[in-house]
Amino acid sequence: MSELTNISLARGAPSIDIVAVDELRAAADRAFERDPSGTFSYGTSAGYPRLLEWIAAKHGVEPDRTIATNGSMQADAFLFEALVEPGDLVVVEAPTYDRTLLGLRRLGAEILAIPLEADGIDVEELARALEAGARPKLAHIIPNFQNPAGCTLSGEKRERLLDLAREFGFTVFEDDPYVELRFEGPHHPTMLSLDGGEGVVYASSFSKTVSPGIRVGYLVGSADLIARIRAIATGTYISPSMVSQSIVAEFCHSGAIERSIATVKRALRERRDATCAALERHLPEARFVPPQGGYFLWVDLPEGSDVEQVEAAARERSVTFVKGTDFLLDGGDSSLRLAYSAVPPDQIEEGVARIADAYRELAGARAVAEPGRRA
Ligand SMILES: Cc1ncc(COP(=O)(O)O)c(C=O)c1O
149 MSELTNISLA RGAPSIDIVA VDELRAAADR AFERDPSGTF SYGTSAGYPR LLEWIAAKHG
209 VEPDRTIATN GSMQADAFLF EALVEPGDLV VVEAPTYDRT LLGLRRLGAE ILAIPLEADG
269 IDVEELARAL EAGARPKLAH IIPNFQNPAG CTLSGEKRER LLDLAREFGF TVFEDDPYVE
329 LRFEGPHHPT MLSLDGGEGV VYASSFSKTV SPGIRVGYLV GSADLIARIR AIATGTYISP
389 SMVSQSIVAE FCHSGAIERS IATVKRALRE RRDATCAALE RHLPEARFVP PQGGYFLWVD
449 LPEGSDVEQV EAAARERSVT FVKGTDFLLD GGDSSLRLAY SAVPPDQIEE GVARIADAYR
509 ELAGARAVAE PGRRA
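For any residue, its number in this note's numbering is found by taking its place in the sequence shown, counting from 1, and adding 148.
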């Protein structure tokens, strides 16, 4: 096959053209000037104080309820270490972020996977499992523009989930790195703000709004839980990167973050639209719900499609995506996740056309092997 440009619809990361490199350089200059000692010392495991102040003000809590980490993945790992023991039951969404599944499995957690609907986790199915005796310690929820499904948890479901958490005594882990990236539709309050108390631990990140390479994320929770997590963090790395956090603090306090979010949202909206249009044009047999924000779109191919084969055939055509099976304990065999975050619209069109070509070649082969079946 001739040399084709590689198109990656696999990675949930922004392309470099929408990272605010110049504003980050300026923020770094100011941060180094303002506080060289705090920026270049170890610091404490809580994180850089000026960043914690900004996070605390954003969420209306005291800074002792926050910890800033090297990316929110690190925050998730600390939280799981603090709360999850082998054999503990943890609720996850189906499908969910593959690294969450891996982290929980590594700790020996039992997983209760509850299906997603267009408006988020099926809370009534969760209620039935709880009434039948399930006793989770934690429920991991990605409320906005879910990774990988792209859906958003409705306001009513947020309330219902909090009621269930209070009634059955589990903690809600609200994993929310995409919240700022809404293109349309009403914003819903965080479950952290609705709960106000001890029932929710909230995580977010600057990876999706500023840059993943800066590696800054954070948790907000009860002061007790955060104190325990700060102790785990001290034992792990003394402190996170003060240089990164000092730059992000300056970026946030100066208002540059608002401009960065606006740039990312504008580009992602265009990319989302290009993905939907390309799917309608090249792969009309696919089913998907356009996400109202974020990085991802979940695609269901017709039943009987084998996504592993489609992925291999797409790879031969130099286009990549992540198979639905990677995000589920069971199923996902005919589904895939497209991350449109890093690809300009014209390449999205080309990438989807190549996936459609891969799909059609396999569907054609199936129709020959099984003459009763329509391609
Ligand atoms: C739901 C979710 N949580 C956590 C992360 C980790 O993000 P980071 O460690 O870059 O902050 C991601 C990244 O894709 C994600 O989608």
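All C-beta atoms, glycine included, are put in the ideal place defined by N, C-alpha and C.
In this structure, does DSSP put residue i in helix, strand or coil?
i      : result
ALA501 : helix
PRO524 : In the structure as shown, the chain begins at 149 and stops at 523. Residue 524 is therefore absent and cannot be evaluated.
GLU272 : helix
LYS471 : strand
ALA487 : strand
PHE354 : coil
ARG254 : helix
ALA158 : coil
GLU241 : strand
PHE399 : helix
ALA523 : Because the pLDDT of ALA523 is 42, which lies under 50, any placement of that residue in the model is unreliable, and the number read from its coordinates should be weighed accordingly. Coil, per DSSP.
GLY303 : helix
LEU200 : helix
VAL364 : coil
LEU286 : strand
GLU328 : coil
VAL232 : coil
ILE386 : coil
PHE188 : helix
LEU431 : coil
VAL516 : helix
ASP372 : helix
PHE226 : helix
ASP323 : strand
LEU445 : strand
VAL437 : coil
THR217 : strand
VAL167 : coil
VAL209 : coil
Could you check how far apart the C-beta atoms of residue i and residue j are, in whole angstroms? I think they sit under 8 angstroms.
i      : j      : result
GLN393 : ALA216 : 6 angstroms
LEU237 : LYS285 : 6 angstroms
LEU227 : VAL349 : 6 angstroms
ALA205 : ALA351 : Incorrect: roughly 18 angstroms between the Cβ atoms, too far for contact.
VAL232 : ALA257 : 5 angstroms
ILE262 : ALA242 : 6 angstroms
SER408 : VAL358 : 6 angstroms
GLU398 : ARG178 : 5 angstroms
SER489 : VAL447 : So it is not a contact: roughly 15 angstroms between Cβ atoms.
ALA175 : ALA404 : 6 angstroms
LEU427 : VAL500 : 6 angstroms
ASP246 : PHE475 : 5 angstroms
ASP454 : ASP494 : Wrong, their Cβ atoms sit about 29 angstroms apart, outside the cutoff.
PHE316 : LEU278 : 5 angstroms
MET339 : LEU310 : 6 angstroms
GLU367 : ILE380 : With the sequence shown as reference, residue 367 is identified as Leu, and Glu is not the correct amino acid for it. The Cβ separation is near 11 angstroms, so there is no contact.
Does residue i have its Cβ less than 7 angstroms from a Cβ in chain D?
i      : result
SER302 : In the structure shown, chain D cannot be found, because there is only a single protein chain.
Which residues in the same chain as residue i place their Cβ atom closer than 8 angstroms to its Cβ, once the five residues preceding and following it in sequence are excluded?
i      : result
ASN218 : ARG363, VAL364, GLY365, TYR385, PRO388, SER389, SER392
TRP202 : ALA397, CYS400, HIS401
LEU264 : GLU241, ALA242, PRO243, ASP270, GLN294, ALA297, CYS299
GLU307 : LEU342
THR248 : ASP224, VAL240, HIS288, ASP323
If you drop the 5 nearest sequence neighbours on each side, which residues of the same chain put their C-beta closer than 7 angstroms to that of residue i?
i      : result
GLU498 : ILE155
VAL167 : SER359
PHE318 : PRO284, LYS285, LEU286, ALA287
Cutting at 6 angstroms between CB atoms, please list the residues of its own chain near residue i, excluding the five before and the five after it.
i      : result
LEU301 : GLY268, PRO291
THR382 : SER193
SER353 : SER220, PRO325, GLY365
PRO450 : GLU433
GLY303 : HIS336
ILE374 : ARG213, ILE215
Is it buried or exposed for residue i, if we count other Cβ within 10 angstroms and need 16 for buried?
i      : result
PRO296 : buried
LEU250 : exposed
TYR190 : exposed
GLY235 : exposed
ARG522 : Bear in mind that a pLDDT of 47 at ARG522, under 50, signals an unreliable position, so the model cannot answer this.
PHE436 : buried
ARG198 : buried
GLU456 : exposed
VAL458 : buried
VAL516 : exposed
THR423 : buried
GLY512 : exposed
PRO162 : buried
ARG485 : buried
VAL491 : buried
- Should the segment 321-331 be called in touch with the segment 278-294, which here means at least 3 C-beta pairs below 8 angstroms? yes
- Query: Does the segment 153-167 come close enough to the segment 465-482 to have 3 or more Cβ pairs within less than 8 angstroms?
  - Reply: yes
- Query: Below 8 angstroms, can you find three or more Cβ-Cβ pairs linking the segment 413-430 to the segment 206-214?
  - Reply: no
- Check whether the segment 492-512 touches the segment 448-466, counting contact only when three or more Cβ pairs, one atom from each stretch, lie closer than 8 angstroms. yes
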